[in-house]
Amino acid sequence: MADVHPRTAAIDYKTIDLGGRFTLTAPERGWRGDIHLPGDVHTALLEAGEIPDPYFGQNEDAVAWVYKTPWTVERAFDVPADMADGFLTLTLSEVDCLATVLLNGEAIAETQNQFIRYDIDVTGKVRPGENTLTIAFAAVPEVAQARADAHAFAIPYAAMNQKVAHLNFVRKTACHAGWDWGICLMPIGVYGRMELRRVALAHTESVQVDQHHEHGAAALEIKTRVHAFSDGEITLIHTFDGQEIGGSVAVKKGENLFTHMLVVHDPELWWPSGQGGQPLYDLRTDVDGEVTVRKIGLRKLEWVVEPDAIDHSFKCRINGRDITMMGANWIPADAIPSRITPETVRDLLESAKAANYNMLRVWGGGQYEPDWFYDLCDELGLLVWQDFMFSCMPYPSDRAFLADVATEITQQVRRLSHHASIALWCGDNEVIGSLNWYPETRANRDRHLANYDRMSKLLSDIVADEDPQRRFWPSSPSLGYMDFADGWHVDTRGDMHFWDVWHSAKPFEHYRTVQPRFASEFGFQSFTSMNVIETFTEPGDRNPSSPVMETHQRNDGGNARILETMCRYFRFPKGFEEMVFLSQVQQGLAIKTAIEFWRSTKPRCMGTLYWQINDIWPVASWSSLDYGGQWKLLHYLAKRFFAPITIVAVPEGGEIVIKGMNDGPAAADIILDVSLVGMDGQAKPLHRLDISLGLESASELVRVPLETVGEDRFVLLEWRDRDGNLIGTNDFFPRAYKYYNLPAAQVSAAWHSDDTGHHLTLQSDACAFFVTAHSDCAGYFSDNCVALLPGRGVTLSFIPRKGAAPSLDDLQNSLRISHLAQTY
-14 MADVHPRTAA
-4 IDYKTIDLGG
6 RFTLTAPERG
16 WRGDIHLPGD
26 VHTALLEAGE
36 IPDPYFGQNE
46 DAVAWVYKTP
56 WTVERAFDVP
66 ADMADGFLTL
76 TLSEVDCLAT
86 VLLNGEAIAE
96 TQNQFIRYDI
106 DVTGKVRPGE
116 NTLTIAFAAV
126 PEVAQARADA
136 HAFAIPYAAM
146 NQKVAHLNFV
156 RKTACHAGWD
166 WGICLMPIGV
176 YGRMELRRVA
186 LAHTESVQVD
196 QHHEHGAAAL
206 EIKTRVHAFS
216 DGEITLIHTF
226 DGQEIGGSVA
236 VKKGENLFTH
246 MLVVHDPELW
256 WPSGQGGQPL
266 YDLRTDVDGE
276 VTVRKIGLRK
286 LEWVVEPDAI
296 DHSFKCRING
306 RDITMMGANW
316 IPADAIPSRI
326 TPETVRDLLE
336 SAKAANYNML
346 RVWGGGQYEP
356 DWFYDLCDEL
366 GLLVWQDFMF
376 SCMPYPSDRA
386 FLADVATEIT
396 QQVRRLSHHA
406 SIALWCGDNE
416 VIGSLNWYPE
426 TRANRDRHLA
436 NYDRMSKLLS
446 DIVADEDPQR
456 RFWPSSPSLG
466 YMDFADGWHV
476 DTRGDMHFWD
486 VWHSAKPFEH
496 YRTVQPRFAS
506 EFGFQSFTSM
516 NVIETFTEPG
526 DRNPSSPVME
536 THQRNDGGNA
546 RILETMCRYF
556 RFPKGFEEMV
566 FLSQVQQGLA
576 IKTAIEFWRS
586 TKPRCMGTLY
596 WQINDIWPVA
606 SWSSLDYGGQ
616 WKLLHYLAKR
626 FFAPITIVAV
636 PEGGEIVIKG
646 MNDGPAAADI
656 ILDVSLVGMD
666 GQAKPLHRLD
676 ISLGLESASE
686 LVRVPLETVG
696 EDRFVLLEWR
706 DRDGNLIGTN
716 DFFPRAYKYY
726 NLPAAQVSAA
736 WHSDDTGHHL
746 TLQSDACAFF
756 VTAHSDCAGY
766 FSDNCVALLP
776 GRGVTLSFIP
786 RKGAAPSLDD
796 LQNSLRISHL
806 AQTY
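Structure below.
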């Protein structure tokens, strides 16, 4: 007969936060100091002056000893006498990652997965008064190697990216070991909850919300899981939009699932950014005094994959509207976990929204982000394509590994599925494709495909069981369910990674040879900005082939490829600073070429997510935001080529096809002017069109014969609303920029201020292209990297970062102006 523990009102829910100052020791090295947890060892060592800045120069190898060393953290904490009543749980999340947890000297748990929340029953183990919590971390490289050696057959790892072998045998952020844009630090620490919970009978495991939208109402199915320490009775109450449901319920020892239904009539619908508002309702759940609050956005989201005239569609439908996804791939915000803060991440996400993103792909070689990341995405209207954390290499599929992964995926889906922003669960990043990369997998693909399928089926089944309303997509790229073919080159279905332009050094025009249904990865590198380079170099290092600059380039041959491409499109720059600027110009042009063309194929292509939005440290990479959040030129161009209404020029044979796209929430009427402009600044009007742009597809507007343009002119596109307000501009150069004799333009810059902020007016005495204002002040401009014609000024507003308030003098003193003709 089961033990019965009736509900005891006298035992209130109570917690003790165990975060704070711990003693950090490395017994093998005889080192002792302090560490603040949640946090990481590298931060503690930096604060103690024990290691140099890992990001400066070539310090990466100088700090490698840190991750090869076992570390121990320990602290004493006091427990009030009455806390020992009831049932006690020690909750630890984001423990990174192989560790023994001891309470008062007794081993109570072994952790081995950074992505699992460990709820450890410590009832009867906590004493009134002083207690000691100890976490002893093992050195991951040794364990990973031992596991690989013991496996029944050889499983390769991503040696081209990672400096630590066999990290696929350890559930840890893959890019902690390095990537082709990332430093290898292999951080150690605890980054999430550290909490002692006292309950009368049961604690909350998860609260999920399924939405059913029909006839103008939203029916919510609230699924609450609680863990009961014994049989008995608890009180479970949900409050939502003025409604209260629940009451006393009986529980059995172990996991219990309770489902409650409620209906919201005439709900305020949640929309992605640019399509409508993001109203969020509070769902308050009270389990015997343990209160959790979740923000719920009410929307109907469908991922539509169905046969069509081409092959199969691949698109996101929200509240009945097919919406083009526009955005980029997301990697962890910093290689040092303590620096990943809500403030830092909010700044990056607000920059995404400001550049007209509506989606981010959380990439599978990084980490599941903290709760507040997804809260921010809900608030900002940024949908999330969520990879599970597997990337670029095969993984084991033995029972123990799969059991650990099953716990991880189940917890993560239950934790995140209530978010309006979660759009898709994706099994992995490029793991299917990696079976063709390694000698071991090529030699016996059948074995490794069966190995892969075990994992893929597990992930698929968990999503089907835990979140049946959302689509599971097996891999990125993938052609679909149980299709293990090449997703890199088939453009008629599924999602596509298209890397030929970068990795094969093909011209930007090569992007127009494919027409993906959804481009989920593609990119082109640039150097990080000059003021960022100055933070990790000495003046003598500022050369693209210096050892320091090559250390801060993790893709083999990357710097050479940047320069090779530069020679294809531009005249060679006169100095290093000009080279850095020009690298960002060409990065922007590469992605602009791809996205403008793919958007022009709508509704064939319904998504473009370039690689990547952010950097994990200061490095030459594919990012559009520098490490630290400063906008590179690509991000300014993204704001324009992701604009809801945009007009593009696409060469086709001997013609230039002008096409218009409207990805906003409603049809729009515009006036389009098409002109030819010479290097002398003289504009020849070609067409004025009065256009109604619908939402369903890209519209062909007019064709311009290439021979009409000639050798020294370019096409200028300007579109306005019916009241004459300028909406946007674009241009198209039929030939590479190096063939044009650019005038030696003199650009003037004048600041002024008003009640709305600080504004910069740029003017030029001759044609000037990619005119860019640089400022070291924290923030960005409303526009940048613009074309100036003589007599036509452009005014940019400076948008400061939250908490920053640069003065006009600050802006003036740090202002630098660059443009194309200045580079040579």
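In the numbering used here, the protein residues as written are -14 to 809. We put the beta carbon where it would ideally sit given N, CA and C, even for glycine.
{"query": "Using 8 angstroms as the Cβ pair cut-off and three pairs as the minimum, do the segment 690 to 708 and the segment 656 to 665 touch?", "result": "yes"}
{"query": "Could you tell me which residues DSSP pairs with Leu401 in its beta bridges?", "result": "Paired residues: none, contrary to the question."}
{"query": "What three-state label does DSSP hand Ser233 in the structure shown?", "result": "strand"}
{"query": "Would Phe72 pass as a contact of Arg183 if the rule is Cβ separation under 9 angstroms?", "result": "yes"}
{"query": "With DSSP collapsed to three states, give me the class of Met440.", "result": "helix"}
{"query": "Do you know how far the Cα of Ala388 is from the Cα of Met374?", "result": "15 angstroms"}
{"query": "Tell me whether the beta-carbon of Asp267 lies closer than 9 angstroms to the beta-carbon of Met591.", "result": "no"}
{"query": "Spell out a yes or no on whether the segment 784 to 793 and the segment 758 to 765 are touching, meaning 3 or more CB-CB pairs, one atom from each, closer than 8 angstroms.", "result": "yes"}
{"query": "Considering only C-alpha positions, which residue in the set Thr277, Ser585 and Cys362 is nearest to Leu686?", "result": "Ser585"}
{"query": "Please go through the segment 10 to 42 and give each complete alpha helix (DSSP H) segment of 4 or more residues, from N-terminal end onward.", "result": "26 to 32"}
{"query": "Should Gln597 go down as buried or exposed, given a rule of 16 or more other Cβ atoms within 10 Å for buried?", "result": "buried"}
{"query": "Quick one: is His161 buried, meaning 16 or more other Cβ sit within 10 Å of its Cβ, or exposed?", "result": "buried"}
{"query": "In the DSSP output, what is Glu549 paired with across the bridge?", "result": "Answer is none; Glu549 lacks a bridge partner."}
{"query": "When the distance is taken between beta carbons, is Asp413 closer than 9 angstroms to Gly349?", "result": "yes"}
{"query": "In chain order, what are the residue ranges of uninterrupted beta strand (DSSP E) at least 3 long that sit wholly in the segment 661 to 686?", "result": "668 to 678"}
{"query": "For Ile316, I'd like the list of residues in its chain whose CB is within less than 7 angstroms of its CB, leaving aside the five on either flank, ordered along the chain.", "result": "Cys160, Trp348, Gly351, Gln597, Asn599 and Ile601"}
{"query": "CB-CB under 6 angstroms to Val289, same chain, minus the five flanking residues each way: which ones, in chain order?", "result": "Ser298, Lys300 and Arg302"}
{"query": "In angstroms, rounded to a whole number, what distance separates the CA positions of Ala408 and Gln807?", "result": "45 angstroms"}
{"query": "Starting from the C-beta of Leu333, find all residues in its chain whose C-beta is less than 8 angstroms away, skip the five residues before and the five after it, and write them out in chain order.", "result": "Ala318, Ile598, Asn599, Leu610 and Gly614"}
{"query": "Whole angstroms are fine: how far does the CA of Asp675 sit from the CA of Asp708?", "result": "12 angstroms"}
{"query": "Does DSSP put Lys597 in a helix, in a strand, or in coil?", "result": "The sequence shown places Gln at residue 597, not Lys. Coil, per DSSP."}
{"query": "Closest to Glu637 by C-alpha separation, out of Val689, Thr631, Tyr353 and Val26, would be which residue?", "result": "Val689"}
{"query": "What are the start and end residues of the beta strand (DSSP E) that includes Ala187?", "result": "Ala187 to Glu199"}
{"query": "Would you say Ala66 faces chain D, with C-beta separation under 9 angstroms as the test?", "result": "The structure shown contains no chain D; it is built from a single protein chain."}
{"query": "With 16 other CB atoms within 10 Å as the buried threshold, where does Asn798 fall?", "result": "exposed"}
{"query": "So, Val448 versus Val398, is the Cβ gap smaller than 9 angstroms?", "result": "yes"}
{"query": "Cβ atoms of Met246 and Val51: under 9 angstroms apart, would you say?", "result": "no"}
{"query": "Would you call the segment 125 to 136 and the segment 415 to 431 in contact, with 3 or more CB pairs under 8 angstroms?", "result": "no"}
{"query": "In whole angstroms, what separates the C-alpha of Phe566 from that of Ala320?", "result": "25 angstroms"}
{"query": "Check whether the Cβ atoms of Asn98 and Asn116 sit closer than 9 angstroms, and answer yes or no.", "result": "no"}
{"query": "What are the boundary residues of the beta strand (DSSP E) that Gln263 is part of?", "result": "Gln263 -> no beta strand (DSSP E), and no H or E assigned at all."}
{"query": "Can you tell me whether Thr780 is buried or exposed? The criterion is at least 16 other CB atoms within 10 Å of its CB, across all chains shown.", "result": "exposed"}
{"query": "According to the neighbour-count rule (16 or more other Cβ atoms, all chains shown, within 10 Å of its Cβ), is Cys552 buried or exposed?", "result": "exposed"}
{"query": "Classify Ser568 as helix, strand or coil using the three-state DSSP reduction.", "result": "helix"}
{"query": "Is it buried or exposed for His403, if we count other Cβ within 10 angstroms and need 16 for buried?", "result": "buried"}
{"query": "Buried or exposed for Pro37, going by 16 or more other Cβ atoms inside 10 Å?", "result": "exposed"}
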